[in-house]
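Residue numbers (the numbering used here), protein chains in the order written: chain A, 18 to 226; chain B, 18 to 226. Backbone N, C-alpha and C fix where the C-beta goes; we use that ideal spot for every residue, glycine too. The model shown is predicted, which means the values in this text are computed figures rather than measured ones. Report on the following structure.
2 protein chains.
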Amino acid sequence: MSYDVVPMTEEGIPTPSIITRGANEISGIDTMIIDSGFVQDPAIPFIKTGLGAARDGSKEKALPGYESALAYGSYLGALIDNKYKFIFIGESVPGGTTTAYTVLSSIGIKEMTSSSMKTSPDGLKEAYANKAFLRKARSENYSENISEFGDYMMAMALGISKSVKKSTLFYAGGTQMATVFYLDSVINNPVNRYVFTTGYIMKDKEKLM
Amino acid sequence: MSYDVVPMTEEGIPTPSIITRGANEISGIDTMIIDSGFVQDPAIPFIKTGLGAARDGSKEKALPGYESALAYGSYLGALIDNKYKFIFIGESVPGGTTTAYTVLSSIGIKEMTSSSMKTSPDGLKEAYANKAFLRKARSENYSENISEFGDYMMAMALGISKSVKKSTLFYAGGTQMATVFYLDSVINNPVNRYVFTTGYIMKDKEKLM
C-alpha cells in the first residue's frame, strides 16, 4: 500500500500521523497516549507521568526513573486489562532504534535494528553502544541493562504487560517493538503476547520472535 | 463514621486523601485522575488536558476552553463507557462551591451550596455571583452560563456524561456534584445517572435531584 501524495497537515507539515488518525477514526479504535519520557506535552489529552526524557545512556544511567516507569505502566495496564479484548502498544521514540540496538547488544543478541531514515546509521548505533558499555559494563540482569541503556517506552511497555493478564497484548511496530516483545517474554514470562509487524521483520528478526 | 485521630502523611500533612487512598486500595477500585484545570501537575500518572486553571468569572469569561473541556470529557467517557459497569465522578475544585452556587443562581435556582469550611461563606458567594452577573447578564442557555460562571470540572463531567451510554454514572459528592447532576439532566438528558451523596444533601437539595 502506498499513496501517490505525501500526507500533510493543513499547515503543510508532512506526517504519517494523519493516516494513523484517519485509520483510528474510521475504525473506532480507542486510543490513549502515554507519556513515556515526553520532552514536550502534546496539545491533546494524554496520560502524563512526568518521567522526563531519558538520559544519554552512553554518558550516564539512561533511566533514573526505571522503577517508577514500571509502576506507572503496571497501574495503566491494570486499568485496561480485561476491559479491552485486544491491546496494541505502539511507540514513537526519537533514537529508539539505537536504544533498542544497545539493549539487545547488552544481552548478547547481535541484531541490527531498523531506522526511520532511508539508510540506517548502523555505525553510529554501534559506536553509541560501545561507548555505553565502556561507561558501564553489561549485566546479566536484563532489567538493569534496560535501566542503564534503554528508553522509557520499554519500561512502560514492560510495566503494562506485567498487569495485562486477560487481554491479548500486541507489540505493534518494527524492530523496537520486537525487542520489547523479546524482553517481555524473558522478564515477565506472559501469555497472549504477539508482535504485530511486517513480513520483513518476521523473517529478519526471527531470533526475537 | 469518624476517627479519633487526624489522618496525616508521613511528613505530618493532614488530609482525608489518605482515607480515600486506603479505601481505593482495599476495594480494588480503579481510579483515574483527570486534569480539569490543574494549576500544578500531581506527581503521579494522570490525564493531562492542559486546559489551564479557570478564570475568575466575576471579572472575565471563566472557561475560555469550555468546548475543549467538553470534547476531552467526551473522549474520556468513550474510553470507559461499557468497560466499567459503574463510573463515579468526584471532584476537588478550589472555590468549587462558589462556582456551583453561581451557576445554579444563573439558571434561576436559589439554593446555597455547602463548603469545606466550618461556616460556609454564603455572603462571599452571593457577592461573587452578583459581581459576575453585573459583568455578564445571565443567559437562557445553560451551557453559556457554565462557560461564563462555572468551572472546568463541570464541563469535563458533562463531556464524560455525553459519551457514557451503557455504564451507570454516579456523581459522587455534595452540593457541587448534585449541581452537575442537575445540569447534566437538563443538557444531556441521559439515562442511568445518580447522585452518590449523604442523606443531608438528599433532603436539603431535593430541587436538584
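Paired residues, beta bridge with residue i - DSSP
i	result
ASP98(A)	TYR101(A)
ARG210(A)	LEU186(A)
PRO31(A)	MET25(A)
ILE106(B)	TYR188(B)
ILE50(A)	According to DSSP, ILE50(A) bridges with nothing at all.
N-terminal and C-terminal residue of the alpha helix (DSSP H) that residue i is part of
i	result
THR26(B)	No alpha helix (DSSP H) contains THR26(B), which DSSP labels as neither H nor E.
VAL197(B)	192-204
SER137(B)	Where SER137(B) is concerned, there is no enclosing alpha helix (DSSP H), given that its DSSP letter is neither H nor E.
ASP221(A)	216-221
LEU175(B)	169-180
Any C-beta of chain B under 9 Å from that of residue i
i	result
MET171(A)	no
ALA71(A)	no
PHE105(A)	no
TYR211(A)	no
TYR92(A)	yes
PRO81(A)	no
ILE43(A)	no
PRO24(A)	no
PRO33(A)	no
PRO62(A)	yes
Contacts around residue i, its chain only, beta-carbon distance under 7 Å, and the 5 residues preceding and following it disregarded
i	result
ALA146(A)	TYR118, THR119 and SER122
VAL203(A)	TYR159
VAL181(A)	GLY94, ASP98 and ILE104
GLY190(A)	GLY107, GLU108 and THR214
PRO207(A)	SER178 and ASP201
ALA149(B)	GLY74, SER75, THR119 and PHE166
C-beta neighbour in chain A for residue i, strict 9 Å
i	result
LYS100(B)	yes
GLY67(B)	yes
ALA40(B)	no
LEU87(B)	no
MET49(B)	yes
LEU96(B)	yes
ILE46(B)	no
ASP52(B)	yes
ASP58(B)	yes
Which of helix, strand or coil DSSP assigns to residue i
i	result
ARG72(B)	coil
THR185(A)	strand
ILE124(A)	coil
ILE163(B)	helix
ILE36(B)	helix
SER20(A)	Correcting the residue type first, residue 20(A) is Tyr in the shown sequence and not Ser. Coil, per DSSP.
SER91(B)	helix
THR130(A)	coil
ASN41(A)	helix
LYS148(A)	helix
GLY113(B)	helix
ILE86(B)	Sequence inspection shows Ala at residue 86(B); the Ile mentioned does not correspond to that position. Note: ALA86(B) maps to helix in three-state DSSP.
LEU225(B)	helix
GLU143(B)	helix
Start-to-end residues for the beta strand (DSSP E) that takes in residue i
i	result
ILE64(A)	63-65
Close Cβ partners of residue i (< 6 Å) along its chain, the five nearest in sequence each way excluded
i	result
LEU225(A)	ALA195 and TYR199
VAL110(B)	ASP168 and MET170
THR48(A)	ASN41
PRO24(B)	ILE35 and ILE36
MET219(B)	none
Beta-carbon proximity list for residue i, same chain, < 8 Å, skipping 5 on both sides
i	result
ASP58(B)	ASP52 and LYS65
SER184(A)	ILE97, ASP98, ASN99, LYS100, TYR101, LYS102, PHE103, ILE104 and ASN209
ASN162(B)	VAL120, SER123, ILE124, ARG155 and SER156
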